[in-house]
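Contents: one structure, followed by commentary.
Numbering (our numbering), first residue to last: 120 to 637.
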């Protein structure tokens, strides 16, 4: 059964229960079915059919799931675009996925979408689904006969492509991970926060173009839960919603938890009595932050480890694990947990040999949730798999109790405020500036965002290091969260015998950079 078929079933079992809501709409499962049918009819009129790519350029809102489900009803594939990217970055993705149509829901993104469409003329249709259109669809009581015909014509199956999310790798070029209906059906059955009662609700604060946001939303929809969607993270707004809507499940990253505890006045006096669980990801949580968070929220904490290519969580550090860590084994908080049922995880060396307990190598995974591959990129797909095992790119080890630990990122990825930042992409942009002879970008600790990019530069003669000029240069070519705000000049980058920059040496040398520069 496809995901759109699952959500349609809730029309029968829970027609008036809220499926999704945002600042403007509370959408029942009955209304979600009607709205997605109408949206599917609109997409069909634009020529969308099975296998076509529908690009979504939108901020978090209740319209987002309507579009995803509508595309699925036609057998089409939703390509979730990061709206924070520059047009040049979006251009690459639109060309790579060969999108037939781009959908936007936001006035401030319409011009970007229009520019993308104009450059391709008849090859790319543009649909703007505004609030008035949504209201019209949600006012419809009955499903049209034409939309019943749409459903009967859909020949897509569980194994068909469903979502395409772009993630970068060592090349710095985005790669489109193809995820199927079956991938997400497996994830929902293993999720730590799957709804278990009729009053279950959850808050979606992560961007819906990320697997964290999209996965949390789909888990809620497939299990007849209620998802409250926020456009962006705001500590005060988030706490108000958690309290007023009596939330039971929330997914965050540790930096968000820290921001809430640091910035919301009188947080200890707020009522979170309905809160059952906070699931976090992207990085471990410190012992001090966990203790403070438990004292405030008085709920379970669970860490989920996964990635776009695995459709979400593949291992969990359970609530009991967190309590055990606080009681007698603080090191356990650095673990990403143990594999969920049905997932195999192992450590392999570069020669493809499986390693023993406590030996450091690459974390590899086998799971029904693993992507089909990278769209239009056979070489990268082949390089990412070895005899059915997905090579995560994370370096780590497994201890004697089966807990996995990530000790480094093989791809040098930086996680800043929950966003993935890829150093090579930044380095290529900086090298276009005449002042830069060589550059290496690494992640250094940041108390607000977890990590931040630091650009270590070798400057060409007759130039001086001008951080302001470099920031302005990057701003035209990179999304804001990727731009380094910290720059350091050195005479020579350390390299090995083959000429590769020794980034680990730089990380060790400048690990305390936060205290030196802002």
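All C-beta atoms in this analysis are idealised placements derived from N, C-alpha and C, irrespective of residue type, glycine included.
Residue 420 sits away from residue 435, with the two beta carbons spaced by 9 Å or more.
For residue 469, there is no enclosing beta strand (DSSP E), as DSSP marks it with neither H nor E.
Where residue 356 is concerned, the enclosing alpha helix (DSSP H) starts and stops at 354–363. Just measuring C-alpha positions, the residue of 128, 504 and 361 sitting nearest residue 394 is 361.
Closest in alpha carbon position to residue 401, among 589, 381 and 568, is 568. By the Cβ-count criterion, residue 469 is exposed, with fewer than 16 other Cβ atoms from all chains shown falling within 10 Å of its own Cβ. One Cα belongs to residue 465, the other to residue 548, and the distance between them is close to 36 Å. According to the DSSP secondary-structure assignment, residue 458 is paired through a beta bridge with 434. Annotation: the continuous alpha helix (DSSP H) that includes residue 256 extends over 250–257.
With a beta-carbon spacing of about 28 Å, residue 608 and residue 529 fall beyond the 8 Å limit used to define contacts. In the DSSP annotation of this structure, residue 507 is not part of any beta strand (DSSP E), being labelled neither H nor E. Residue environment: residue 526 is assigned as exposed (fewer than 16 neighbouring CB atoms within 10 Å of its CB, all protein chains considered). Between residue 629 and residue 536, the CB-CB gap reaches or exceeds 9 Å. Rounded to the nearest angstrom, the Cβ distance from residue 347 to residue 336 is 11 Å, too far for a contact under 8 Å. Excluding residues up to 5 positions away in sequence, 554 lie with their Cβ nearer than 8 Å to the Cβ of residue 583 in the same chain. Excluding residues up to 5 positions away in sequence, 143 lie with their Cβ nearer than 7 Å to the Cβ of residue 250 in the same chain.
Per the coordinates, the alpha-carbon of residue 350 lies some 34 Å from the alpha-carbon of residue 444. Annotation for residue 161: 246 place their beta carbon closer than 7 Å to its own, counting only its chain and skipping 5 residues before and after. Partner residues in the beta bridge of residue 246, as assigned by DSSP, are 222. With fewer than 16 other Cβ atoms from the protein chains shown falling within 10 Å of its own Cβ, residue 479 counts as exposed. Distances from the CA of residue 586 to each of 574, 579 and 330 were compared; the closest alpha carbon is that of 574.
If you ignore the 5 residues before and after residue 378, its C-beta comes within less than 7 Å of the C-beta of 354, all in its own chain and listed in chain order. The Cβ atoms of residue 189 and residue 141 do not sit closer than 9 Å to each other.
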